[in-house]
Each structure stands twice: as C-alpha cells, then as structure tokens.
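Have a look at the structure below before the remarks.
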Amino acid sequence: MIKKVLIANRGEIAVRILRACKDLGIQTVAIHSTADADAMHVRLADESVCVGPPQPRESYLNIPSVISAACVSGADAIHPGFGFLSENSTFSHMVDEHGLIFIGPKADHIAMMGDKIMAKKSFARLGLPIVPGSDGAVTNINKAVKMADEMGYPVLIKAAAGGGGRGMKVARSRLEFVEAYETARREAGLAFGNDRVYLEKYLANPRHIEFQIIADKFGNAVHLGERDCSLQRRNQKVWEEALSSVITPEFRDEFGRKIARSIGKLGYLGVGTLEFLYEDEKLYFIEMNTRIQVEHPITELITGVDIVREQILAAGGNKLSLSQDDVKFSGHAIECRINAENSETFIPSAGTVINYYCPGGPGIRVDSALYDRCKVPPYYDSLIAKLIVHANDREQCLARLRRALGEYVIDGIDTLIPLHLKLANNPDVISGNFDIHFLERMYEENQ
Ligand code: ADP
Numbered sequence: 007m008i009k010k011v012l013i014a015n016r017g018e019i020a021v022r023i024l025r026a027c028k029d030l031g032i033q034t035v036a037i038h039s040t041a042d043a044d045a046m047h048v049r050l051a052d053e054s055v056c057v058g059p060p061q062p063r064e065s066y067l068n069i070p071s072v073i074s075a076a077c078v079s080g081a082d083a084i085h086p087g088f089g090f091l092s093e094n095s096t097f098s099h100m101v102d103e104h105g106l107i108f109i110g111p112k113a114d115h116i117a118m119m120g121d122k123i124m125a126k127k128s129f130a131r132l133g134l135p136i137v138p139g140s141d142g143a144v145t146n147i148n149k150a151v152k153m154a155d156e157m158g159y160p161v162l163i164k165a166a167a168g169g170g171g172r173g174m175k176v177a178r179s180r181l182e183f184v185e186a187y188e189t190a191r192r193e194a195g196l197a198f199g200n201d202r203v204y205l206e207k208y209l210a211n212p213r214h215i216e217f218q219i220i221a222d223k224f225g226n227a228v229h230l231g232e233r234d235c236s237l238q239r240r241n242q243k244v245w246e247e248a249l250s251s252v253i254t255p256e257f258r259d260e261f262g263r264k265i266a267r268s269i270g271k272l273g274y275l276g277v278g279t280l281e282f283l284y285e286d287e288k289l290y291f292i293e294m295n296t297r298i299q300v301e302h303p304i305t306e307l308i309t310g311v312d313i314v315r316e317q318i319l320a321a322g323g324n325k326l327s328l329s330q331d332d333v334k335f336s337g338h339a340i341e342c343r344i345n346a347e348n349s350e351t352f353i354p355s356a357g358t359v360i361n362y363y364c365p366g367g368p369g370i371r372v373d374s375a376l377y378d379r380c381k382v383p384p385y386y387d388s389l390i391a392k393l394i395v396h397a398n399d400r401e402q403c404l405a406r407l408r409r410a411l412g413e414y415v416i417d418g419i420d421t422l423i424p425l426h427l428k429l430a431n432n433p434d435v436i437s438g439n440f441d442i443h444f445l446e447r448m449y450e451e452n453q
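With the numbering used here applied, the sequence shown corresponds to residues 7 to 453, in that order.
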C-alpha cells in the first residue's frame, strides 16, 4: 500500500491529486519552484520541497531534483499529473530504479505510445481502426510525395513524437506538401529532439472522440465511456463533454469493450485515453495518452468513479474496484477550460488574481488552485481552473453552465470565461452541431 506520494506537478492537477490522496489517507509531498512558494498545492500538502528556480526545465522538469525530493521526504510513490514529466519514459524508469512507485504505466508502454507511429501500429494489430496514412515514418521526400499523391490532398504531416497540439502541418496540394514536409521535419527535430514524421489523411470535418480506460496489474481493464473534445483552438481542447451525442449506447458498449480488451492484452497498467477522430459514423484511432487527462472530471461526474483514486490504487497493486458491468452512465457533463488568456487574442495573461469568486450550487464542480490575491506566474501552462458541470441531460447542463459562468469572478488577469459564455449561448453549440474546426470558423467570421 502506498503511504506517501510526491506530486511532481503544480496548479489545479496537483490539488486534484492531493485531494485523492487525502481521501485515501495517504501523506502528500508537494514540489514547487521558487515562483510557486505560495501556491495552493504547496499550502494544502503535508510537506513541500523547493526543486528549483521558475523555469520548468530547472524545477518541475529537473529529474534529479524531483527524484531527490522524493527520496529526502521519504515518499514511496510519485504522481506525475499531466504535462511536465508525465509521459517521459526515462523519468518513469528512473523512478523505478530508485525503488519508488511511478503512478502511471510501465516505462515501455509510455515509450510505445509516445511514439505515435508505434502506437498506431500496436492498435491496428489489435484490430482497432486507425486514421489512414503512411505505414510508418517517411524519411525520403520523393517517397513522401508519391505517398501523398496516392492518398490525395489534403494530407497531414505529423511528428512521431508530437504532443500538445504541436508538430502538425497540413498540405493542401503537392506544391504545399514539399515545403510543409521539410518544415515539419525541421520543427519536430527542434521541438521534440526527434525528426521522424508520418503522413495521415487530413479528415475534413471530424469530431474528436476519446475513450477513458483504466486497468490493473491483473489484466482487468474497463472503459468509462467517451468524451467529445471537438471544441478546440490550434488543436488544443477548450471545452469537453461526456458523453458524446454522436455515439449510440450500442456502439459505445461494443467499441468500448473492444478497447478494454486491447488494453488488457497489452498488459497496460493505470489510466489512459485512446483518442479517435469521428467522421461519417466511423472512429479512427490517432493516439493514446498514458496519463491522467485534463478533462477526466467529466467522466467522473457521469460515472461516479474517482479516476485518480483508482489510478493510485492500481499503481499500489490493488485490483480495480469495478468491472465493466458496474460502469453506468448518468446524465451529461461539460468542462470549460479556464485559461489565463485573452478570450479574443488568446495572448497569455499573468498577474495577481483579485476579487476571486467561485461558482457553486447544484451540479457545479470547480477544479482550480486559485485563491484571492494568488499569483499566476508567466512561466507555466495557462490552464488555471476547470469549470465542470453535471445535470440530468445536456440542456439542463448548458443552463447550469451559463449560470455558473455568469457567477464566476476572476479579476486582475484575462481569462477564457467570455469565450465560454459565447460558446454556451451559441445556437450551434446548443444544438450539438460542431466539429474540430468550429472555433477556427467562429473566429474567422469575427475578423
Ligand atoms: P497531440 O498529441 O498534439 O494532441 P493529436 O494526434 O492528438 O495530437 O491531434 C490533436 C488534434 O489535431 C486532434 O484532436 C484533431 O483536432 C487534429 N487532428 C489530428 N489528426 C488529424 C487528422 N488526421 N485529420 C484532421 N485533424 C486531425
């Protein structure tokens, strides 16, 4: 049994993990940079260790500092959260080497899924449908052009090691392709230290649908249904819903069980998300994330499963507390990502929060690390809070969401609250009529 967890993260996800640990009677150790000394996750943890200066690579990404903090504080496990070191297989391997438990899958599975080419091949072998494209990396421009011509334009060039919506280039013609291919390789090499790229058919108007899974070390794996994360900006999610209105209960059950069987066969441990694009009533696998996902709370609200708790228990060697037949879906949930960004220009906004007032009432959950007069430093991801709403059906959920957005006060910095209000009142969003390009189009129309 895990007794003490070091949380190798910050912000709302560090607080979320802390809460799960407290509920389980597990001691917590926060790490922080000098910029975060007064942060909420530090205040709420039983202990805290400063791991370096503000720049992430010198603190939250500094593997020796993070592992030393765990050893010095006597933690027996490390929870990486999302971002930072969560999908770094070297880190998870080193955590293991130090006799600590990494709360996540085995290093081999992180490495396999971190390479999107390998991930696609693995799931194709297990019988899941994948987005049509090149069979592997394309390293030669002549072969790449030939392949793109055969696939038909538009074609997407994707970095094998890409993530966070980065490392993708669309080519709409052969002429565009040659330049896009070279740029994609160069940028992937610089951004990810790996210039392998592959080609994918660029789907015109898909929705982003993803399935949450959880597995234990005994080979038990269940799926917790899907989330629709089509409302994105620059390939990054802004608003997520569970369940999706385009997936029927029969399809969910059959496809979800197929996914869970594949995960069981892989011997995967912990939580994960399989991401798909949905077009013409078909799902196509694009990638798997091997960590807790930002949008996990909407699945928690419709299933009643505490996913972070299950994740910690599974890492500690426990059996899953539920079987597939125990998973029941109730009502509808929506999450709005409240980023510290200007809602027109999306320029990040740092500063001190004032007049903080958090919404409440029936169906409202806010995951954040904000408090009145807290600082939002400029060094980190701009996600500062998640407004998560649950109701019996989508219509009621949207009404509660509008009510909560109207109550939410975060002064002193710019946030995406005005954008979410616009979305919550948009007739197409209300009728569920959107795809991954919806936000792009909305902004183009406003230009
Ligand atoms: P990342 O790891 O950077 O998040 P993904 O492969 O998950 O990259 O893709 C992120 C988003 O990019 C998807 O949700 C979708 O909006 C868009 N996208 C990815 N692949 C395709 C594709 N083949 N056709 C159209 N859009 C795509």
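Even for Gly, the Cβ is constructed at its ideal location relative to N, Cα and C.
- Looking at the DSSP output, Glu-281 sits in a beta bridge with Glu-216 and Glu-293.
- In this structure, the ligand ADP has no non-hydrogen atom nearer than 7 Å to the beta-carbon of Met-153.
- Each of Thr-254, Gly-231 and Pro-354 was checked against the Cα of Glu-306, and the nearest Cα belongs to Gly-231.
- As for any beta strand (DSSP E) of minimum length 3 sitting wholly inside the stretch 31-104, the runs are 33-39, 53-58 and 83-85, ordered along the chain.
- From the listed residues Pro-70, Cys-403, Ile-416 and Asp-259, the smallest Cα separation to Pro-368 is found for Cys-403.
- Beta-carbon to beta-carbon, Lys-271 and Leu-132 are separated by about 6 Å, close enough to satisfy the 8 Å threshold.
- Glu-185 and Asn-15 have their C-alpha atoms some 38 Å from each other.
- Counting other Cβ atoms within 10 Å of its Cβ, His-104 stays below 16 and is therefore classed as exposed.
- Proximity of the beta carbon of Lys-288 to the ligand ADP is not indicated: no heavy atom of the ligand is located closer than 7 Å.
- Within the DSSP bridge table, the entry for Ala-248 names Ala-339 as partners.
- By the criterion of at least three beta-carbon pairs nearer than 8 Å, the stretch 278-295 is in contact with the stretch 213-223.
- Along the length of the stretch 164-245, whole alpha helix (DSSP H) runs at least 4 residues long occupy 180-198, reported in chain order.
- By the Cβ rule, the stretch 412-424 counts as touching the stretch 350-366, because three or more pairs are nearer than 8 Å.
- Straight-line measurement puts the Cα of Gly-158 at about 28 Å from the Cα of Asp-234.
- For Thr-358, the pairing in a beta bridge is given by DSSP as Lys-381.
- Per DSSP, the unbroken beta strand (DSSP E) holding Asp-373 starts and ends at 370-374.
- Between the ligand ADP and Val-137, a heavy atom-to-CB distance of less than 7 Å is present.
- When only Cα atoms are considered, Val-72 and Ser-54 end up about 12 Å apart.
- In this structure, the alpha-carbon of Gln-242 lies about 25 Å from that of Asp-312.
- Closest by C-alpha distance to Val-203, out of Leu-162, Ser-349, Val-57 and Leu-393, is Leu-162.
- Between the alpha carbons of Gly-199 and Arg-191 lies a distance of about 10 Å.
- According to DSSP, Asn-432 shares a beta bridge with no other residue.
- Bounds of the alpha helix (DSSP H) holding Lys-264 are 255-272.
- Under DSSP, the beta-bridge partners assigned to Ala-391 are Ile-344 and Ser-374.
- Here DSSP, grouped into helix, strand and coil, assigns Tyr-363 to strand.
- DSSP places His-443 in the coil class of the three-state scheme, outside both helix and strand.
- The nearest non-hydrogen atom of the ligand ADP is 7 Å or more from the C-beta of Gln-299.
- By the neighbour-count definition (other C-beta atoms within 10 Å, threshold 16), Gly-120 is a buried residue.
- Using a 10 angstroms sphere on the CB of Ser-437, the tally of other CB atoms stays under 16, which defines it as exposed.
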